[in-house]
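Participant: The following block contains the structure, expressed as structure tokens.
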Amino acid sequence: PPLSPCTALMLSSDSVPTLSPYSSVPSSCPGPVAGQPPGPKTWPRKHCSGRRQSPVALWADRSVPASHFKVLEMSGYENPTLPIKVTNDGHSANVNLRPGAWLSGGGLSGNYTAQSFHLHWGKGLNFPGAEHLLEGTRASMELHVVHTKDGLPMNKAVKLKDGVVVLAFMTNVSDPSPSEASWNDFTSFLGLVPEKDNEQPVFGNFSLKGLLGAVKTLHYYFYQGSLTTPLCQEVVSWIVFREPILLSSLPRVRNFTSSLFYTTASEGRRMVNNFRPAQPLGRRKVLRL
Ligand SMILES: [Zn+2]
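Take the sequence shown: its position 39, counted from the start at 1, is 39 in the UniProt record's numbering, and no numbers get skipped.
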């Protein structure tokens, strides 16, 4: 008999790599497709369909200069003892940080403590998976460093209008890469957390600054948006840097696309295309430095 659209989609999704699993499940399908995360259509309407959602497409000529901003200050990011744990949280490989790196200045109203970082990626070498689009282009991967106001725990920060700041960095290819050793160290943990809820302690192996390499943080977009996974709370000041992190080769992306599963290895859904599609900017103003 012919396959139902849901089953056919599940079987064929490996051959439609440009679609994110977040968008490839028809709303008519009964619940999440086995092994796939529930897509945006099943996300809580109350939150994930608001008017201040992320990611968005960012354009220099549709943004406003933020010449009045103070210098963005970043401290402690070079400390290799901050990363304490790598976890497969079912959306990405999430690295928890102990307090010690913080952010202030720019257009921010206070001090924000780095709590964790993770990446979004596509599927293989030809299918990029960054979340924000810069000048209409999707980079291969996007690194998010999540901060909370005054070091509040995440569950408290998401209740404040200005509770969360995310630094977003695109990745691009360059030979040689100034941050090769740090990425080797970080990606060596991915194979240790293949399944959801797997976690692995980290002991001084790599620092955030090491992963950023020589990237300059002078130029960025700044806008008000949301978390890009449920509950999509609209509490995030986004700082999206215009200069990418340089990685030595595209096979680096393979460390991400081939190491992790959304759920279990036996369900076999590889964690690929873990990015949310761009959301409408609406009336929001984007500032540019
Ligand atoms: Zn993210």
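Glycine is no exception: its CB is placed at the ideal position from the N, C-alpha and C atoms. Note that the coordinates shown come from a computational prediction; the quantities given were computed from them, not determined experimentally.
(1) Please report how far the alpha carbon of Gly76 lies from the alpha carbon of Phe222, in whole angstroms.
(2) So what does Trp121 bridge to, in DSSP terms?
(3) Is there contact here, the segment 140-148 with the segment 111-118, by at least three beta-carbon pairs under 8 Å?
(4) In the DSSP assignment, find the alpha helix (DSSP H) that holds residue 291 and state where it starts and stops.
(5) May I ask you to report which of helix, strand or coil DSSP gives Val286?
(6) What does DSSP give as the partner residue(s) for Gln200 in the beta ladder?
(7) Relative to the C-alpha of Val173, which candidate in Gly213, Arg269, Thr148 has its C-alpha closest?
(8) Let me make sure I understand the geometry here. Which of Leu281, Arg98, Pro280 has the alpha-carbon closest to that of residue 290?
(9) Please list, in chain order, all residues of the same chain as Glu78 whose beta carbon is under 6 Å from its beta carbon, the five residues on each side excluded.
(10) With the cut-off set at 9 Å, would you say Leu134 and Arg242 are in Cβ contact?
(11) In chain order, which beta strand (DSSP E) runs of at least 3 residues are fully inside the segment 231-274?
(12) Have a look at Thr217, Asn198, Gly282 and flag the residue whose alpha-carbon is nearest the alpha-carbon of Glu73.
(13) Mapping the DSSP letters down to three states, classify Leu281 as helix, strand or coil.
(14) First and last residue of the beta strand (DSSP E) that includes Gly225?
(15) Please classify Leu72: does DSSP put it in a helix, a strand, or coil?
(16) When DSSP builds the beta bridges, which residues end up paired with Lys149?
Facilitator: Quick answer:
(1) 22 Å
(2) Met141
(3) yes
(4) This structure cannot speak to residue 291, because the chain is shown only from 1 to 289.
(5) coil
(6) Val86
(7) If we check each option's Cα against that of Val173, Gly213 comes out closest.
(8) A question about residue 290 goes unanswered here, because the residues of the chain that appear run from 1 up to 289.
(9) Within the same chain, Glu78 has close Cβ partners Ser207, Lys209.
(10) yes
(11) 236-241, 245-247
(12) Thr217
(13) coil
(14) Membership of Gly225 in the beta strand (DSSP E) is indicated by the continuous run 220-225.
(15) coil
(16) Tyr112
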